[in-house]
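Number of protein chains: 2
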Amino acid sequence: MFMGASTKEGQDIAVKSREIVRSLISENIKHLNPGEQAIVERIVHSTADPEYAELTKISENFVKESLEAIKAGEDILTDINMVRAGITSYNGEVKCYIDHTLTYQIAREREITRAAAAMEVALQEGFRGMVVIGNSPTSLLKVIELQEKYPDRIKSVVGVPVGFVGAAESKKALQSTAIPHLITVGPKGGTPVAVAAANALINLSKG
Amino acid sequence: MFMGASTKEGQDIAVKSREIVRSLISENIKHLNPGEQAIVERIVHSTADPEYAELTKISENFVKESLEAIKAGEDILTDINMVRAGITSYNGEVKCYIDHTLTYQIAREREITRAAAAMEVALQEGFRGMVVIGNSPTSLLKVIELQEKYPDRIKSVVGVPVGFVGAAESKKALQSTAIPHLITVGPKGGTPVAVAAANALINLSKG
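Chains as they are written, first to last, in the working numbering: chain A, -19 to 187; chain B, -19 to 187.
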């Protein structure tokens, strides 16, 4: 498995793609350590958008804490099923509570988004590990809030929600916490960015 | 359900987002018909990337043919599970054959990608309807090839694979066919673009 490719043709494409990615962004990421570089390269490979080399910001302890959680086989928690569906090579469990009965109930009662309610349900159900948020700003804000109630359960956060309303602010809020994190500055981000970061970390954990 | 939001907070965010999207791209999409505008607006809403207003190209018969397939309840076929996971409000079936036993077998025997092999399996299994490709150029090229073998089975194609190797060429190839299509010019595209186009069409079919 290289950059998500499992067949010969897929691997050939991935190898060529990595060369192109490196030619485009190597200057922008030379200040990063090798683990961080691998993550940013994979994000640019997955989005075909070199701008992510500049938008992606990784906290100092993010790679270390994320790899510890992954190597320990702890759960990965996602905000929506699309992100879960993209994290395909993890030996542990990838969970998403957006369709959980309790999630619908909390969202309705408190008039919050299901993606936010799903984070509460996950922590109630005993979640511990890395959180990967690719879509919902309200979900990310909820994680930051829950971190105070459940210290030590959220090991790291890939926080790359997308959108013109609230996404940039939610990522700024995450940046101001002590939670080990990866974010993208501004409105851009999304499920492929989230999935690329998670899959790059899973790959690093095996190497 | 408005722009994918099912709760009050979600809907408030979607309404604000639509205003911002319109302020950013209304000039670029004023030549499109209302159905096409709705699709492009949703793509920009989902990606927070106004560039898609210019990159998205829709063939004349695409909306009509896609809506016919959707209203008839025909299957939607996706290249990867991430795309399937994002198409959440369709009353018909959304299918993906990438994990099918036959797909693994064909990919191995012919040294092609699983995403391409999965298209063959789908057509062998009787698929008929709209195809939504958000990731794999080889999958899109295979659909174009299969169209000749199975005329009238592929009603329309959302063809927005992403990547620096082969994606732009595969979309150009689709543009040169008579298949009703939506593409994004160049390397950019991806699962959120594919999902946004499909969900916008599903929404249009209900309105």
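All C-beta atoms, glycine included, are put in the ideal place defined by N, C-alpha and C.
Computed from a prediction, not measured in an experiment: that's the story for all the values here.
CB of residue i within 8 Å of CB of residue j, strictly
i, j, result
"residue 48 of chain B", "residue 135 of chain B", "yes"
"residue 167 of chain A", "residue 171 of chain B", "no"
"residue 83 of chain B", "residue 77 of chain B", "yes"
"residue 19 of chain A", "residue 154 of chain A", "no"
"residue 188 of chain B", "residue 45 of chain B", "Because chain B spans -19 through 187 in this model, residue 188 of chain B falls outside it and cannot be assessed."
"residue 159 of chain B", "residue 110 of chain B", "no"
"residue 62 of chain B", "residue 147 of chain A", "no"
"residue 126 of chain A", "residue 149 of chain A", "no"
Any non-hydrogen atom of the ligand NAD closer than 7 Å to residue i Cβ
i, result
"residue 83 of chain A", "No copy of the ligand NAD appears in this structure; indeed no ligand is present at all."
Residues near residue i by beta carbon distance below 8 Å, same chain, minus five either side
i, result
"residue 96 of chain A", "87, 116, 118, 119, 121, 122"
"residue 140 of chain A", "113, 114, 151, 162, 163, 164, 169, 170, 173, 174, 177"
"residue 94 of chain B", "78, 83, 84, 87"
"residue 129 of chain B", "103"
Contact list for residue i against chain B, beta-carbon separation under 9 Å
i, result
"residue 91 of chain A", "-13, -12, -11"
"residue 46 of chain A", "What residue 46 of chain A touches in chain B: nothing, since even the nearest Cβ is about 21 Å away."
Under 7 Å by beta carbon: chain B residues contacting residue i
i, result
"residue 61 of chain A", "65"
"residue 118 of chain A", "-11"
"residue 29 of chain A", "168"
"residue 20 of chain A", "What residue 20 of chain A touches in chain B: nothing, since even the nearest Cβ is about 15 Å away."
"residue 87 of chain A", "-13"
Span separating the alpha-carbon of residue i from that of residue j
i, j, result
"residue 28 of chain B", "residue 57 of chain B", "26 Å"
"residue 165 of chain B", "residue 151 of chain B", "7 Å"
"residue 81 of chain A", "residue 102 of chain A", "12 Å"
"residue -11 of chain A", "residue 85 of chain B", "15 Å"
"residue 98 of chain A", "residue 3 of chain A", "40 Å"
"residue 23 of chain A", "residue -6 of chain A", "13 Å"
"residue 187 of chain B", "residue 143 of chain B", "34 Å"
"residue 15 of chain A", "residue 43 of chain A", "7 Å"
"residue 59 of chain B", "residue 30 of chain A", "24 Å"
"residue 91 of chain B", "residue 145 of chain B", "17 Å"
"residue 74 of chain B", "residue 185 of chain B", "16 Å"
Per-residue contacts from residue i into chain A (C-beta, under 9 Å)
i, result
"residue 1 of chain B", "144"
Contacting residues, own chain, Cβ-Cβ under 7 Å from residue i (five flanking each side not counted)
i, result
"residue 34 of chain B", "8"
"residue 70 of chain B", "56, 182"
Neighbouring residues, chain B, relative to residue i (Cβ below 8 Å)
i, result
"residue 171 of chain A", "62, 66, 171, 172"
"residue -3 of chain A", "143, 144, 145"
Contacts that residue i makes with chain A (C-beta to C-beta distance below 7 Å)
i, result
"residue -7 of chain B", "145, 146"
Sequence-distant residues of the same chain with beta carbon closer than 6 Å to residue i, five excluded per side
i, result
"residue 17 of chain A", "9"
Return the chain-ordered ranges of every alpha helix (DSSP H) run that is complete within the segment 49 to 93 of chain B and spans a minimum of 4 residues.
-> 61 to 66, 81 to 90
In chain order, which beta strand (DSSP E) runs of at least 3 residues are fully inside the segment 121 to 156 of chain B?
-> Within the segment 121 to 156 of chain B, the complete beta strand (DSSP E) segments of 3 residues or longer fall at 134 to 139, listed in chain order.
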